[in-house]
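Enquirer:
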Ligand code: N01
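Residue numbers (our numbering): 9 to 493.
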């Protein structure tokens, strides 16, 4: 039987979209269009350009395993370098010709056995398979604070940094104390006149130096790529054993070690007892996403920095007024308030079999079998979809494993075994029931508010070890899928 010629639509040209296009082409599946709403590849690394941006996963792990990079400047390289890496990879794999830039997919409808895509520009496409590579931390979340629009100076979200605004000599306020805010504080404290950090919840900080790679080390990586491959492998194992496997077992010895390291960092490196008390969280380390920083405590202790722990009452033209009635006068206000994490591929209007929309399928909350496939939405596969492994480890590694799994589903179509494939409703139901039960033993449920938790307070993430994830991704159990010939 002749192999059907499959056409693919990939939504998003970030890390996962680039990966998908490379892997499909490698497999000889080259009838691909990647739809990208912006005018460049890079996803989160294109959108986030705030001062101090870097990835808190070591660069030699946060790299495609098949395209390691000898030139990373640091253990945790800056965001601009990561963006340049993705641009280079997209160019070297000749992807730019299959990317349709500045054209956002607004709808995807499954009719007549194919997906019908429509874009904002009015372009139409018909594809056999959709890969949703739309990212997780993508839609900025603006805080609901009275008077947000009334501030007289520039206000912007951390993911929409306005580089036209000078910070030197100015009074800058930052709302939020997540990974983003912590990096910004360290990066700008010496430049600004005054820095006010508005903290609603204190955070644990794991200290970690960020050494530069010497030219000799980089030369060695270039000369002997196997050294880099070994480093990638070792880092992967370190993250799986030391972190990913620890957070899913709140009582594990590794978890205790992480907690001790965070506690010691606070007790030993914050010398002012009042500041130390304000910075001490009342929940367990890694309950919220663990923040990694070599120098945040040093930065926030500087004389021109103030940690404001009084709640915010309102934003007013001159700055931020806290509940104690104090006005914190500011020239610039930065909202480091995170992302809407339950949007995934929305606001795209997605309609599966029998006219059933994604909003209806996700009426309660986003769900996908193994975070990849949604019952009734055949031949649509998600990368970094709902309830998958997110946290302090490489989302590239996650996406590579997921794509290896998706490729095996695609092979079912390619081989003629079926024309349509999607997870069965019973497989998703059983997966979710087991996942919710397992989530109870994770550190994320030990008593804090975080973006990991869904509306019921259950972590919307992979609650098992990374080793289990790797094993699950190695081969789909096709009996969990509905195949239509
Ligand atoms: O966002 P967050 P983020 N009033 O949601 C506060 C990845 N990332 O952009 O804790 C006052 O973590 C909120 O307070 P609370 C990483 O996965 C990675 O920092 O909810 N405060 C919190 O402090 C990360 O986890 C890297 O009480 C308000 C902050 O805003 C994810 O992105 C770097 C508020 C939001 O923190 C998101 O990180 C950066 C309000 N109304 C990001 N609303 C690295 O790899 C919200 N907050 C290093």
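Glycine included, C-beta positions come from ideal geometry on N, C-alpha and C. Since the model is a prediction, treat every value here as computed from it, not as a measurement.
Should residue 158 go down as buried or exposed, given a rule of 16 or more other Cβ atoms within 10 Å for buried?
Expert: By the neighbour-count rule (16 or more Cβ atoms within 10 Å), residue 158 is not buried but exposed.
Enquirer: Determine whether the beta carbon atoms of residue 455 and residue 291 lie at a separation below 8 angstroms.
Expert: Yes, the pair counts as a contact, with Cβ atoms nearer than the cut-off.
Enquirer: Consult DSSP for residue 453 and reduce its assignment to one of helix, strand or coil.
Expert: Helix.
Enquirer: Just to confirm the assignment, what range does the alpha helix (DSSP H) spanning residue 382 have?
Expert: Premise fails: residue 382 is in no alpha helix (DSSP H) and is neither H nor E.
Enquirer: Shortest alpha-carbon distance to residue 142 belongs to which of 465, 165, 96 and 388?
Expert: Of 465, 165, 96 and 388, the residue nearest in Cα terms is 388.
Enquirer: What are the residues that DSSP puts in a beta bridge with residue 286?
Expert: Answer is none; residue 286 lacks a bridge partner.
Enquirer: When burial is assigned at 16 or more other CB atoms within 10 Å of the CB, is residue 231 buried or exposed?
Expert: Burial call: exposed.
Enquirer: Of the choices 251, 163, 92 and 45, whose alpha-carbon is the least far from that of residue 129?
Expert: Taking only the C-alpha atoms, the option nearest residue 129 is 45.
Enquirer: With three or more C-beta pairs closer than 8 angstroms as the rule, is the segment 64-84 touching the segment 318-338?
Expert: Segments in contact, no.
Enquirer: Of the residues 424, 324, 337 and 439, which one's Cα is nearest the Cα of residue 381?
Expert: Minimum Cα distance to residue 381 is reached at 439.
Enquirer: Please determine, among 64, 446, 310 and 352, the residue with the shortest C-alpha to C-alpha distance to residue 466.
Expert: Of the listed residues, the one whose Cα sits closest to residue 466 is 446.
Enquirer: Give me the Cα-Cα distance between residue 477 and residue 19, rounded to the nearest whole angstrom.
Expert: If you take the alpha carbons of residue 477 and residue 19, they lie about 24 angstroms apart.
Enquirer: May I ask you to list the residues that DSSP assigns as paired with residue 483?
Expert: Residue 483 pairs with nothing; no bridge assigned.
Enquirer: Tell me the rounded alpha-carbon separation between residue 106 and residue 448.
Expert: Whole-angstrom Cα-Cα distance: 44 angstroms.
Enquirer: Based on the DSSP secondary-structure assignment, which residues constitute the bridge partners of residue 489?
Expert: Answer is 431.
Enquirer: What whole-angstrom Cβ distance do residue 180 and residue 417 have, given they're in contact under 8 angstroms?
Expert: The pair is not a contact, with the Cβ atoms about 48 angstroms apart (cut-off 8 angstroms).
Enquirer: If you reduce the DSSP assignment to three classes, tell me which class residue 508 lands in.
Expert: It is not possible to answer for residue 508, since the shown part of the chain is limited to 9 through 493.
Enquirer: Just curious, the alpha helix (DSSP H) that residue 277 is in, first and last residue?
Expert: Where residue 277 is concerned, the enclosing alpha helix (DSSP H) stretches over 261-277.
Enquirer: Give the range of the beta strand (DSSP E) segment to which residue 43 is assigned.
Expert: Unbroken beta strand (DSSP E) run through residue 43: 40-43.
Enquirer: Alpha carbon to alpha carbon, how far is residue 349 from residue 151? Give it in angstroms, no decimals.
Expert: Taking the straight line joining both Cα atoms gives about 14 angstroms.
Enquirer: What is the C-beta distance between residue 312 and residue 200, in whole angstroms, given that I count them as a contact (C-beta under 8 angstroms)?
Expert: About 7 angstroms separates the two Cβ atoms, so the contact holds.
Enquirer: Taking the CB atoms as reference points, tell me whether residue 178 and residue 406 lie closer together than 8 angstroms.
Expert: Contact: no.
Enquirer: Using only the heavy atoms of the ligand N01, determine whether one of them is closer than 7 angstroms to the beta carbon of residue 62.
Expert: Answer for residue 62: yes, Cβ within range of the ligand N01.
Enquirer: Along the beta strand (DSSP E) that carries residue 18, what are the first and last residues, could you check?
Expert: Where residue 18 is concerned, the enclosing beta strand (DSSP E) stretches over 16-19.
Enquirer: Going by DSSP, what residue range makes up the beta strand (DSSP E) through residue 88?
Expert: Segment 87-100 is the alpha helix (DSSP H) holding residue 88; no beta strand (DSSP E) there.
Enquirer: Could you name the residues of the same chain whose beta carbon sits closer than 7 angstroms to that of residue 59, not counting the 5 residues immediately before and after it, in chain order?
Expert: Result list for residue 59: 192, 195 and 196, in chain order.
Enquirer: Which same chain residues end up closer than 6 angstroms to residue 329 when comparing Cβ atoms and leaving out the 5 residues on each side of it in sequence?
Expert: Taken in chain order, the residues that qualify are 321, 322 and 335.
Enquirer: In the DSSP assignment, the beta strand (DSSP E) including residue 123 goes from what residue to what residue?
Expert: Looking at the DSSP string, the run of the beta strand (DSSP E) that includes residue 123 is 122-127.
Enquirer: Going by beta carbon distance, what residues of the same chain come within less than 6 angstroms of residue 190, once the five residues before and after it are set aside?
Expert: Taken in chain order, the residues that qualify are 299, 301 and 304.
Enquirer: Just confirm the distance between the C-beta atoms of residue 69 and residue 244, as a whole number of angstroms; I'd bet it's less than 8 angstroms.
Expert: Indeed, because the Cβ distance is near 6 angstroms, the residues count as touching under 8 angstroms.
Enquirer: Kindly indicate which three-state DSSP category residue 391 falls into: helix, strand or coil?
Expert: Coil.
Enquirer: Short check: CB of residue 578 to CB of residue 383, under 8 angstroms?
Expert: Only positions 9 to 493 of the chain appear in the structure, and residue 578 is not among them; the question remains open.
Enquirer: Whole angstroms are fine: how far does the CA of residue 435 sit from the CA of residue 347?
Expert: Their backbone Cα atoms lie some 30 angstroms apart in a straight line.
Enquirer: Is the distance from the Cβ of residue 351 to the Cβ of residue 147 below 8 angstroms?
Expert: Cβ distance < 8 angstroms, so residue 351 and residue 147 count as in contact.
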